[in-house]
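Chains B and Z, in that order, give the protein sequences.
Numbering-wise, our numbering puts 41 at position 41 of the first sequence, and it's gapless, one number per residue.
Numbering-wise, our numbering puts 1065 at position 65 of the second sequence, and it's gapless, one number per residue.
Glycine is no exception: its CB is placed at the ideal position from the N, C-alpha and C atoms.
Quantities reported herein were computed from a predicted structural model and do not represent experimental measurements.
Data first, discussion second: the structure below is written as structure tokens.
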Amino acid sequence: SQKIEQNSEALNIQEGKTATLTCNYTNYSPAYLQWYRQDPGRGPVFLLLIRENEKEKRKERLKVTFDTTLKQSLFHITASQPADSATYLCAPGAGSYQLTFGKGTKLSVIP
Amino acid sequence: DTGVSQDPRHKITKRGQNVTFRCDPISEHNRLYWYRQTLGQGPEFLTYFQNEAQLEKSRLLSDRFSAERPKGSFSTLEIQRTEQGDSAMYLCASSLSLGSSGNTIYFGEGSWLTVV
């Protein structure tokens, strides 16, 4: 069955450092992968989408990579700030609907 | 506000009662999704509509759950004879249909259900 693993349930990082979150998937060949941010008690908010033919995507301080050989996506936040503290969800997708989400990684940026 | 809106935001109900949640998607979006999320888990897909047609239902959606989107606009999710295991946040989302290249899904703030 399809399995999505996000590297850790929680990640603590010092303000100003780069946070790197990992998403691994098995028994799956997604055509694209999305990353979402979720704050406590709120719905997820879309951040970035990367397609299988794209190696890297950037948006401001965010960078996502997608390695279909390793079956892995890395999500980087550079110059992290306390406001970046949230849970980050990865969601590989195939086809035109329905995303399957990982459990998320809770990032805490410590001032 | 032009995002996805859900109502009510919080609902506490007694076991065995029926509850209904409403979702108003982004107006130009023809796809509407329902997800369920429990603490420490990612959202789990329940069902989705394209316009008024319900095209996919997860095995998670037992026969106590029913979703409708009568005019292809707002949607309702009804849970009959609620059980304590139904306690979760129910998320509605919407998107455009863009084929297999990947649809960005826009979520509402969720409806929290507590069954006591």
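Under 8 Å between the Cβ atoms of residue i and residue j?
i          : j          : result
Leu1096(Z) : Gln1037(Z) : no
Tyr88(B)   : Phe75(B)   : yes
Pro92(B)   : Tyr28(B)   : yes
Lys1011(Z) : Val1116(Z) : no
Arg1022(Z) : Thr1076(Z) : yes
Thr26(B)   : Lys3(B)    : yes
Gln1041(Z) : Lys103(B)  : yes
Ile77(B)   : Gln14(B)   : no
Ser1111(Z) : Arg1009(Z) : yes
Thr1114(Z) : Ser1087(Z) : yes
For residue i and residue j, I'd like the C-alpha separation in whole angstroms.
i          : j          : result
Thr105(B)  : Asn7(B)    : 7 Å
Leu47(B)   : Leu1061(Z) : 28 Å
Tyr1033(Z) : Ala1053(Z) : 12 Å
Thr68(B)   : Ala94(B)   : 13 Å
Gly1072(Z) : Leu62(B)   : 35 Å
Glu1056(Z) : Glu1068(Z) : 12 Å
Thr65(B)   : Glu54(B)   : 8 Å
Arg1064(Z) : Glu60(B)   : 45 Å
Gly1108(Z) : Glu9(B)    : 24 Å
Asp1007(Z) : Arg42(B)   : 14 Å
Gly1003(Z) : Glu1028(Z) : 11 Å
Cys90(B)   : Gln34(B)   : 6 Å
Gln1084(Z) : Gly1016(Z) : 9 Å
Met1089(Z) : Leu99(B)   : 17 Å
Leu1039(Z) : Ala79(B)   : 29 Å
Tyr1035(Z) : Ile1026(Z) : 16 Å
Gln81(B)   : Ser1005(Z) : 29 Å
Ser1066(Z) : Ser1(B)    : 26 Å
Tyr1106(Z) : Pro1070(Z) : 21 Å
Note down, in chain order, each residue of its chain lying with its Cβ closer than 8 Å to the Cβ of residue i, except the 5 sequence neighbours on either side.
i        : result
Leu11(B) : Ala19, Leu21, Thr105, Lys106, Leu107 and Ser108
With a CB to CB cut of under 7 Å and the five nearest residues on each side skipped, what residues in its chain are close to residue i?
i          : result
Asn24(B)   : Glu5, Lys71 and Gln72
Tyr32(B)   : Leu49, Ile50, Arg51, Glu52 and Gly93
Tyr1048(Z) : Arg1031, Leu1032, Tyr1033, Leu1055 and Glu1056
Phe1074(Z) : Arg1022, Cys1023 and Asp1024
Gln1050(Z) : Asn1030, Arg1031 and Ser1097
Could you check whether the Cβ of residue i sits closer than 7 Å to any heavy atom belonging to the ligand FMN?
i        : result
Ala91(B) : What this structure holds is no ligand at all, so the ligand FMN is not there to describe.
Give every residue of the same chain whose Cβ lies closer than 6 Å to the Cβ of residue i, excluding the five residues on either side of it in the sequence, and list them in chain order.
i          : result
Pro1018(Z) : Per the sequence shown, residue 1018(Z) should be read as Asn rather than Pro. Only Gln1080 meet the Cβ criterion.
Ser1058(Z) : Phe1045 and Leu1046
Thr1020(Z) : Thr1076 and Glu1078
Would you mind giving the Cβ-Cβ distance between residue i and residue j, rounded to the nearest angstrom? I have them listed as a contact below 8 Å.
i          : j        : result
Ala86(B)   : Asp39(B) : 5 Å
Pro1043(Z) : Pro44(B) : 7 Å
Which ranges would you report for the beta strand (DSSP E) in the stretch 41-82 of chain B if only whole runs of at least 3 residues count? 45-51, 56-59, 62-67 and 72-77
Entirely enclosed beta strand (DSSP E) segments - the stretch 1009-1074 of chain Z, minimum 3 residues: 1010-1013, 1019-1024, 1031-1037, 1044-1050, 1053-1057 and 1065-1068
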